[in-house]
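These notes concern the structure reproduced below.
2 protein chains.
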Amino acid sequence: MEVCMGQPLADDLGFLLSRASGQVVRATNAALAEHGLRVRSYSVLVLACEAADGLSQRELATVLGLDPSQVVLLVDELAAAGLVERQAAEADRRTRLVVPTPEGRRVRDAAGRAADAAAETPLGLLGDGERDRLRDMLTRIWTATG
Amino acid sequence: MEVCMGQPLADDLGFLLSRASGQVVRATNAALAEHGLRVRSYSVLVLACEAADGLSQRELATVLGLDPSQVVLLVDELAAAGLVERQAAEADRRTRLVVPTPEGRRVRDAAGRAADAAAETPLGLLGDGERDRLRDMLTRIWTATG
DNA sequence: GGGTATCGTGGAGGTTGTCAACGATGGAGG
DNA sequence: CCTCCATCGTTGACAACCTCCACGATACCC
């Protein structure tokens, strides 16, 4: 009887990763709802805010790990809410830079505080040093594939 | 100018978690495809294999962090493929225990090897000690909410 | 200039997440 | 015994998400 000897599911990093991720995303989505955002659109808004000259949708897709066609819808949604604008890029007229409106920056700040507070529930048992190491590991997982 | 001062998105644990999770899930799904499974159904199969007397679908949903209605479809799929069976529980006739077939155990082993190998690509940069700490942290994130 | 590549966009099809019901069963209390 | 309430599995509906492909517009290379 040597069948079925694999590691238990509770030791599988892929499984633990997606279960924990779902947990945090759920909590964050609930907190962002009152600001009219979800994790996805919030991420786009944050990235637009932290880039000095705006970001092309291609760059957004790459950083977020999403298909470019999804970014279109997210930017559409944010633009309809008046939080970002699509600006023509001078250098390359194919690309459209996503830049936040003043209102977008305000919402980003308020939503950011709500999101951080909400994520504290699932992440509360982690110390500062642990968070740093977790950040480092997750970043390396991301870069391992390209 | 104190607007837009939140942490960069690359430091947000929730974001890093879901991006890394997506990466691993993508790689694992690709590897499981040749066995006719995806991450979800594979997880159910593994849990059914490691429980001595089978698991109720309720327990499956709790452990996986899924809605019970999703478990129904996953078990349907696995049962249609002949990998698990629904057994009546003697103690409580409401519950239906999910138990693997011999074929299910064989597939679970083969698929497990493929999944582990595939996950090695995104997780390759992590040492053994790091994996242990990552497991510990992800498990605590899960238990932090109940 | 002409061929090739990239950017944004749209659409199709399948998967997942969320929620509200329903029948069937179990359990507690009168 | 009977009634009220909780739980389990199941179904259905709907939104969100993922994946892939194709197109027009623009850029780059030669």
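As they're listed, the protein sequences go chains Y and W.
Under the numbering used here, the first residue of the first sequence is numbered -18, with each subsequent residue one higher.
Under the numbering used here, the first residue of the second sequence is numbered -18, with each subsequent residue one higher.
Each residue gets a CB set at the ideal place from its N, CA and C atoms; glycine is no exception.
Everything numeric in this text was worked out from a predicted model, so none of it was measured.
Rounding to the nearest angstrom, what Cα-Cα distance links Cys30/Y and Val56/W in this structure? Residue numbering aside, residue 30/Y sits at position 49 when the first sequence is read from its first letter. Residue numbering aside, residue 56/W sits at position 75 when the second sequence is read from its first letter. The straight-line gap from Cα to Cα measures roughly 44 Å.
Self-check item: Validate contact between the stretch 79 to 90 of chain Y and the stretch 64 to 71 of chain Y using beta carbons, cut 8 Å, 3 pairs
Solution: With three or more CB-CB distances shorter than 8 Å, the stretch 79 to 90 of chain Y counts as touching the stretch 64 to 71 of chain Y.
Query - Contact list for Ser22/W against chain Y, beta-carbon separation under 9 Å - result: If you number the second sequence from 1, residue 22/W lands on position 41. Going along chain Y, no residue has its Cβ under 9 Å from Ser22/W, so there is no contact; the nearest lies around 13 Å.
- Message: DSSP three-state label for Glu66/W, please.
- Response: Sequence index remark: in the second sequence, residue 66/W carries index 85 (1-based). Correct three-state label for Glu66/W: strand.
Worksheet item: Using a Cβ cut-off of 9 Å, which residues of the stretch -10 to 18 of chain W contact any Cβ in chain Y, in chain order?
Response: Within the stretch -10 to 18 of chain W, the qualifying residues are Leu(-10), Ala(-9), Asp(-8), Asp(-7), Leu(-6), Gly(-5), Phe(-4), Leu(-3), Leu(-2), Ser(-1), Arg0, Ala1, Ser2, Gly3, Gln4, Val5, Val6, Arg7, Ala8 and Thr9.
I'd like to know whether the C-beta of Ala95/Y is nearer than 8 Å to at least one C-beta of chain W.
Within the first sequence, the letter at position 114 stands for residue 95/Y. For Ala95/Y, the closest Cβ of chain W is not nearer than 8 Å.
Legend entry - 4-residue-minimum alpha helix (DSSP H) runs that sit fully inside the stretch -12 to 29 of chain W, ordered along the chain: As far as the stretch -12 to 29 of chain W is concerned, its whole alpha helix (DSSP H) runs of at least 4 residues are -6 to 13.
For Glu129/Y and chain W, any beta-carbon pair shorter than 8 Å?
-> Chain Y is shown from -18 up to 127; residue 129/Y falls before or after that span and cannot be answered.
**Report entry** Amino acids of chain Y, ordered along the chain, whose beta-carbon sits closer than 8 Å to that of Thr131/W
**Finding:** Not covered by the structure: residue 131/W. The range shown for chain W is -18 to 127.
query = When the distance is taken between beta carbons, is Pro(-11)/W closer than 8 Å to Ile122/Y?
reply = As a working mapping, residue 122/Y is identified with position 141 in the first sequence. As a working mapping, residue -11/W is identified with position 8 in the second sequence. No; because the gap between Cβ atoms is not below 8 Å, this pair is not in contact.
Task: Listed by chain order, chain Y residues near Val56/W by CB distance under 7 Å - done: For this step, residue 56/W is matched to residue 75 along the second sequence. Those within 7 Å of Val56/W in chain Y number zero; the least Cβ separation is about 16 Å.
Residue nearest to Asn10/Y in terms of C-alpha spacing, selected from Gly35/Y, Arg116/Y, Tyr23/Y and Leu(-6)/Y
Stepping through the first sequence from its first residue, residue 10/Y is reached at position 29. For the residues Gly35/Y, Arg116/Y, Tyr23/Y and Leu(-6)/Y, the minimum Cα distance to Asn10/Y belongs to Tyr23/Y.
- Task: Could you tell me which residues DSSP puts in a beta bridge with Val79/W?
- Result: Here residue 79/W is taken as the residue at index 98 of the second sequence, counted from 1. The partner list for Val79/W (beta bridge, DSSP) reads Leu36/W and Arg67/W.
Counting only C-beta atoms, is Arg114/Y closer than 8 Å to chain W at any point? One-based indexing of the first sequence puts residue 114/Y at position 133. In terms of beta-carbon proximity, Arg114/Y lines the interface with chain W, with at least one pair separated by less than 8 Å.
Given a threshold of 16 other Cβ atoms within 10 Å of its Cβ, counted over all protein chains shown, does Leu21/Y qualify as buried or as exposed?
-> Counted from its first residue, the first sequence places residue 21/Y at position 40. The question names Leu, but residue 21/Y in the sequence shown is Arg. By the C-beta density criterion, Arg21/Y is buried, having at least 16 other C-beta atoms within 10 angstroms.
**OP:** Quick one: list the residues of chain Y neighbouring Arg121/W, beta-carbon separation under 8 Å, in chain order.
**Re:** Numbered from its first residue, the second sequence carries residue 121/W at position 140. Neighbourhood of Arg121/W in chain Y, by CB distance below 8 Å: Leu106 and Leu107, in chain order.
Could you confirm whether any beta carbon from chain Y is found closer than 8 Å to the beta carbon of Glu84/W?
Counting from 1 along the second sequence, the entry for residue 84/W is found at position 103. The beta carbon of Glu84/W sits no closer than 8 Å to any beta carbon of chain Y.
### Message
Please report the distance separating the alpha-carbon of Ser(-1)/Y from that of Ala62/Y.
### Response
Here the question's residue -1/Y lines up with position 18 in the first sequence. Here the question's residue 62/Y lines up with position 81 in the first sequence. When rounded, the distance between both Cα atoms is 30 Å.
In whole angstroms, what separates the C-alpha of Gly93/W from that of Ala60/Y? Position 112 of the second sequence, counting from 1, holds the residue named residue 93/W. Position 79 of the first sequence, counting from 1, holds the residue named residue 60/Y. Going by the C-alpha atoms only, they are around 44 Å apart.
So, for Ala12/W: in the same chain, excluding its five sequence neighbours on each side, which residues have a beta-carbon less than 6 Å away from its beta-carbon? On the second sequence, position 31 is the one that residue 12/W refers to. Hits under 6 Å: Ala95, Ala96 and Ala99.
Interface flag, Leu28/Y vs chain W, CB-CB below 8 Å:
Counted from its first residue, the first sequence places residue 28/Y at position 47. For Leu28/Y, the nearest beta carbon of chain W is closer than 8 Å to its own beta carbon.
Open item on the list: Just verifying my parser: in three-state terms, what is the DSSP assignment at Gly108/Y?
Closed with: Position 127 of the first sequence, counting from 1, holds the residue named residue 108/Y. Judged by DSSP in its simplified three-state form, Gly108/Y adopts coil rather than helix or strand.
Q) Between which two residues does the alpha helix (DSSP H) carrying Ala72/Y extend? A) Taking the first residue of the first sequence as 1, we reach residue 72/Y at position 91. Premise fails: Ala72/Y is in no alpha helix (DSSP H) and is neither H nor E.
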